[in-house]
Structure formats: C-alpha cells, structure tokens
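In the UniProt record's numbering, the protein residues as written are 1 to 337.
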Ligand SMILES: [Fe+2]
Ligand SMILES: [Fe+2]
C-alpha cells in the first residue's frame with residue numbers, strides 16, 4: 001500500500017521535499033552507489049547517505065502504521081462474523097496484520113529510530129498511514145472486498161519490495177507477502193460464497209465493490225508525472241516499479257477475477273486495449289485522495305483516537321512485561337553472584 005510514502009510527506013499539508021543527495025563522504029558514497037548498482041543489499045551496520053536512511057524510516061514506518069491501523073476497519077467485524085469459520089479466519093488475518101506492523105517497526109528501528117519515536121509520530125497524527133483505512137466498513141461484504149482488493153493491491157506493491165536494497169525491509173517482506181496472499185484468497189473466497197447466495201447478498205457484494213474500487217486504485221499513489229521522488233526511490237533500489245505500472249498490473253489482474261465473481265467494476269471507461277495489451281481505465285479522483293491524506297476522510301479522527309486509546313489501555317501490559325524482565329534479570333544476577 002505503501003508506495004504512497006514516496007508521494008506523501010509526514011508533515012501535514014506538505015508534499016514531500018525531494019531528498020537532497022549527500023556530499024557527506026565521497027568515498028563511502030561511491031562504495032554505497034557501487035553496491036546499489038550491483039543490486040547488492042545495504043545492512044544496518046553499513047554506511048548509508050542520510051537521505052537514504054530518512055527515506056527508508058519514513059517509508060517503513062508509514063508501512064508499519066498502515067498495518068497497525070489496517071487492523072481497525074476489519075477488527076470491528078470480528079464479533080459480527082457470520083459463522084465460526086469466518087470469525088476464525090478474520091481473527092487470524094487481523095492478527096497477521098499486527099505481526100506485519102511489528103516486523104516493520106523492528107526493521108525501522110535498525111535505522112536508528114526508536115519504537116517510541118515511531119509510535120509518537122503515529123499517535124500525534126504527524127506520521128501518515130495508507131489512506132485506504134480512513135473509509136468505513138459498512139457491511140460484511142466489505143470484509144471480503146478488503147481482502148480481495150485492498151490486500152490484493154498491497155501484494156502488488158509489496159512483491160517488488162522483497163527485492164528492496166535495504167536488507168531488513170526486503171527480508172520482512174518475504175513473509176509478509178506470503179501472509180498477504182492468504183488474506184487476498186480468503187476475501188475472494190468469501191465473496192464467491194456470497195455470490196451464490198440471495199439477491200440481497202449479491203447486491204451487498206456489488207455495493208461494497210462500488211465503494212472500494214476507486215479507492216484501491218488510488219492506493220498506488222499519484223500518477224508518475226506527479227511523483228517526483230519516485231525516481232530517487234528507484235535509483236536507490238527501494239522502489240522497483242512505478243505507481244502507474246503497479247496500478248496497471250493490478251487492474252489487468254483484477255478484471256478477470258471480477259468476471260469470475262460476477263460483479264461489475266464501477267468504471268464505464270474500463271475496457272481492453274488491444275494495441276497496449278492492457279485494460280484502459282477512467283480518471284481517479286485525486287482531490288478526494290489528497291483530502292483524505294490531509295486528515296479529512298470519513299474515519300481519520302476515529303481511527304486515530306481508537307489507536308491512541310488502545311495504546312493507552314495497553315500501558316499496564318507493557319509495564320508488567322518490563323517489571324517481569326527486570327525481576328528475571330535481578331534474579332539471574334543474584335544467582336551469578
Ligand atoms: Fe499486512
Ligand atoms: Fe493483509
């Protein structure tokens with residue numbers, strides 16, 4: 001979801017400034033560039049330009065925040081899942097997303113930013129997360145559509161990140177992508193079952209697709225022409241495929257799945273282009289995208305306050321875990337003495 005970070009600054013109301021290239025250490029810089037050119041990996045202990053470090057902290061932390069906030073729209077359906085089977089699947093999926101957030105915070109910490117600093121960014125509203133999670137989940141069909149389309153778009157974005165030049169991020173993505181694949185399939189399967197049901201169930205699926213389709217296309221970030229920082233991300237081997245190319249891959253993969261499902265994608269301009277060998281599609285509403293990024297989407301405030309409350313309510317767990325660790329350490333020291 002998360003190429004958005006090349007296009008979305010953390011500071012409110014700003015587009016991200018282009019990263020300034022470092023002249024801090026020409027010899028180290030040459031070594032770094034050679035490693036990137038050879039498609040090698042950069043590890044935490046390696047020298048890296050400050051702009052590369054900052055860009056990665058922003059990208060990985062926005063990604064981590066997205067996983068954590070992404071638990072909320074689906075989490076509120078766990079108690080309302082239509083069967084024990086669906087409840088068990090949804091609990092597993094939401095738990096996976098929490099795990100993704102934790103691997104990614106750990107990856108960001110290897111760049112020298114503490115967990116507390118990262119969380120403070122999210123909780124104060126300064127740091128961004130994927131705007132797709134600022135929309136409400138109105139019916140059970142939304143849970144299926146999120147799996148099919150939102151996790152489907154996340155996979156498109158994240159598969160290339162398995163080859164990211166920063167080692168800890170790339171390695172985290174390998175496991176994350178395997179789990180995202182399960183998320184996509186469970187969503188699609190839930191929708192297939194609903195589409196064999198009553199007319200009301202079919203209408204519920206179509207309505208959910210209508211509400212999520214365009215927002216999912218926007219998940220890939222603004223058009224390439226409006227993403228000046230993407231080129232630097234590509235140069236550094238962080239971003240491998242442009243926003244528009246990823247979006248096209250997603251559209252091409254999803255149209256045949258929509259046919260099998262028996263729903264209509266809400267775009268009158270969506271049609272196969274024989275010359276391009278791709279589907280053409282209509283205009284995305286970027287004003288709505290930026291408005292949501294700026295904090296004015298339907299659920300921005302609710303998501304943030306729910307997250308802050310969950311963190312505050314969990315303080316006693318963290319305190320207890322720390323007290324327990326301290327006690328264990330004291331005991332070990334006493335025994336060693
Ligand atoms: Fe995830
Ligand atoms: Fe997922």
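Using N, Cα and C, we set each Cβ at its ideal position, and we do this for glycine too.
Does DSSP put residue 132 in a helix, a strand or coil?
To locate residue 132, count along the chain shown from 1; it is residue 132. Residue 132 falls in the helix class under three-state DSSP.
Who pairs with residue 278 in a beta bridge, going by DSSP?
On the chain shown, position 278 is the one that residue 278 refers to. Beta-bridge pairing links residue 278 to 273.
So which residues touch the region around ligand 2, with touch meaning a C-beta under 6 Å from any heavy atom?
With 6 Å as the limit between CB and the heavy atoms of ligand 2, the residues that fall short of it are 97, 151, 154, 180 and 183.
Counting pairs of beta carbons, one from the region 184-193 and one from the region 148-156, are three or more of them closer than 8 Å?
With a cut-off of 8 Å, the region 148-156 and the region 184-193 count as touching, because enough Cβ pairs lie within range.
Provide the residue(s) that pair with residue 169 in DSSP beta bridges, ordered along the chain.
On the chain shown, residue 169 is found 169 positions in, with the first residue counted as 1. Paired residues: none, contrary to the question.
Is it right to say residue 48 is buried, meaning 16 or more other beta carbons lie within 10 angstroms of its own, or is it exposed?
Taking the chain shown and counting its residues from 1, the one referred to as residue 48 is at position 48. Buried, since its Cβ has 16 or more Cβ neighbours within 10 Å.
Drop a sphere of 10 angstroms on the beta-carbon of residue 333, count the other beta-carbons inside from all chains shown, and report buried for 16 or more, exposed for fewer.
Taking the first residue of the chain shown as position 1, residue 333 is located at position 333. Residue 333 is exposed by the Cβ-count criterion.
I'd like the span of the alpha helix (DSSP H) that includes residue 317, first residue to last.
Counted from its first residue, the chain shown places residue 317 at position 317. Segment 315-336, the alpha helix (DSSP H) holding residue 317.
Closer than 6 Å to a non-hydrogen atom of ligand 4 - does that hold for the CB of residue 74?
Absent from the structure shown: ligand 4. Ligands present: ligand 1 and ligand 2.
Just to confirm, are residue 168 and residue 113 a CB contact at a threshold of 7 Å?
If you number the chain shown from 1, residue 168 lands on position 168. If you number the chain shown from 1, residue 113 lands on position 113. No, the Cβ-Cβ distance between residue 168 and residue 113 is not below 7 Å.
Rounded to a whole number of angstroms, what is the C-alpha to C-alpha distance between residue 41 and residue 207?
If you number the chain shown from 1, residue 41 lands on position 41. If you number the chain shown from 1, residue 207 lands on position 207. Taking the straight line joining both Cα atoms gives about 44 Å.
Taking the straight line between their C-alpha atoms, what separation do you get for residue 299 and residue 119?
For this step, residue 299 is matched to residue 299 along the chain shown. For this step, residue 119 is matched to residue 119 along the chain shown. Cα to Cα, the separation comes out at about 19 Å.
Going by the beta-carbon positions, is the gap between residue 127 and residue 60 smaller than 7 Å?
Translated into positions along the chain shown, residue 127 becomes position 127. Translated into positions along the chain shown, residue 60 becomes position 60. Contact: no.
Since residue 132 and residue 216 are thought to touch, with beta carbons under 8 Å apart, how far apart are those beta carbons, to the nearest angstrom?
Against the chain shown, residue 132 aligns to sequence position 132. Against the chain shown, residue 216 aligns to sequence position 216. The pair is a contact, with the Cβ atoms about 7 Å apart (cut-off 8 Å).
Report back the beta-carbon spacing between residue 219 and residue 130 to the nearest angstrom; my notes put them in contact at under 8 Å.
Taking the chain shown and counting its residues from 1, the one referred to as residue 219 is at position 219. Taking the chain shown and counting its residues from 1, the one referred to as residue 130 is at position 130. Between residue 219 and residue 130, the beta carbon gap of about 6 Å places them in contact (Cβ cut-off 8 Å).
Tell me, to the nearest whole angstrom, how far the beta carbon of residue 172 is from that of residue 163; I am working on the premise that it is less than 8 Å.
Taking the chain shown and counting its residues from 1, one reaches residue 172 at position 172. Taking the chain shown and counting its residues from 1, one reaches residue 163 at position 163. About 13 Å separates the two Cβ atoms, so there is no contact after all.
Going by the CB atoms, is the gap between residue 145 and residue 94 shorter than 7 Å?
By one-based count along the chain shown, residue 94 stands at place 94. By one-based count along the chain shown, residue 145 stands at place 145. For residue 94 and residue 145, no; Cβs fall outside 7 Å.
Of the choices 70, 319, 159 and 264, whose alpha-carbon is the least far from that of residue 304?
As a first step, residue 304 is located in the chain shown; it is residue number 304 there, counting from the start. Cα-wise, what sits closest to residue 304 is 70.
DSSP on residue 241, reduced to helix/strand/coil?
In the chain shown, the residue the question calls residue 241 occupies position 241. Note: residue 241 maps to coil in three-state DSSP.
Quick check on residue 278: buried or exposed, where buried means 16 or more other Cβ atoms within 10 Å of its Cβ?
As a working note, residue 278 is residue 278 in the chain shown. Label assigned to residue 278: exposed.
Candidates 214, 287, 236 and 237: which alpha carbon is nearest residue 270's?
Numbered from its first residue, the chain shown carries residue 270 at position 270. Of 214, 287, 236 and 237, the smallest CA-CA separation from residue 270 is found for 214.
Closest to residue 306 by C-alpha separation, out of 255, 134, 188 and 280, would be which residue?
Within the chain shown, the letter at position 306 stands for residue 306. Checking every option, the nearest Cα to that of residue 306 belongs to 134.
Just verifying my parser: in three-state terms, what is the DSSP assignment at residue 42?
Looking up residue 42 in the chain shown gives position 42. DSSP places residue 42 in strand when its eight states are reduced to three.
Please classify residue 126: does DSSP put it in a helix, a strand, or coil?
Your numbering for residue 126 matches position 126 in the chain shown. Residue 126 falls in the coil class under three-state DSSP.
Label residue 96 either buried or exposed according to how many other C-beta atoms from any shown protein chain fall within 10 Å of its C-beta, with 16 as the threshold for buried.
For the purposes of this step, residue 96 is taken as residue 96 along the chain shown, with counting starting at 1. It is buried - the Cβ of residue 96 has at least 16 other Cβ atoms within 10 Å.
For the region 241-255 against the region 274-288, do three or more pairs of beta-carbon atoms, one drawn from each stretch, fall closer than 8 Å, so that the two count as touching?
Three or more pairs of CB atoms, one per stretch, sit closer than 8 Å, so the region 241-255 contacts the region 274-288.
Would you kindly work out how many angstroms separate the C-alpha atoms of residue 320 and residue 105, rounded to a whole number?
The sequence position of residue 320 within the chain shown is 320, counting from 1. The sequence position of residue 105 within the chain shown is 105, counting from 1. Looking at the two C-alpha atoms, the distance is approximately 21 Å.
Kindly indicate which three-state DSSP category residue 61 falls into: helix, strand or coil?
As a working mapping, residue 61 is identified with position 61 in the chain shown. The DSSP-derived three-state label of residue 61 is helix.
Can we count residue 100 as close to ligand 1, meaning its CB is less than 6 Å from some heavy atom?
Numbered from 1 along the chain shown, position 100 holds the residue referred to as residue 100. Yes.
List the endpoints of the continuous alpha helix (DSSP H) containing residue 106.
Locating residue 106 in the chain shown gives position 106, counting from the first residue. It spans 84-109 - the alpha helix (DSSP H) in which residue 106 sits, taken as one unbroken run.
Tell me whether residue 288 counts as near ligand 1, meaning its Cβ is closer than 6 Å to at least one heavy atom of that ligand.
In the chain shown, the residue the question calls residue 288 occupies position 288. The answer is no for residue 288.
So, are the CB atoms of residue 100 and residue 50 less than 7 Å apart?
For the purposes of this step, residue 100 is taken as the residue at position 100 of the chain shown. For the purposes of this step, residue 50 is taken as the residue at position 50 of the chain shown. Going by C-beta atoms, residue 100 is not nearer than 7 Å to residue 50.
Could you name each continuous alpha helix (DSSP H) segment of 4 residues or more that falls completely within the region 163-238, going from the start of the chain to the end?
Here the runs fully enclosed are 167-194, 199-218 and 230-235.
Within 10 angstroms of its Cβ, does residue 323 collect 16 or more other Cβ (buried), or is it exposed?
Position 323 of the chain shown, counted from the first residue, corresponds to residue 323. It is exposed - the Cβ of residue 323 has fewer than 16 other Cβ atoms within 10 Å.
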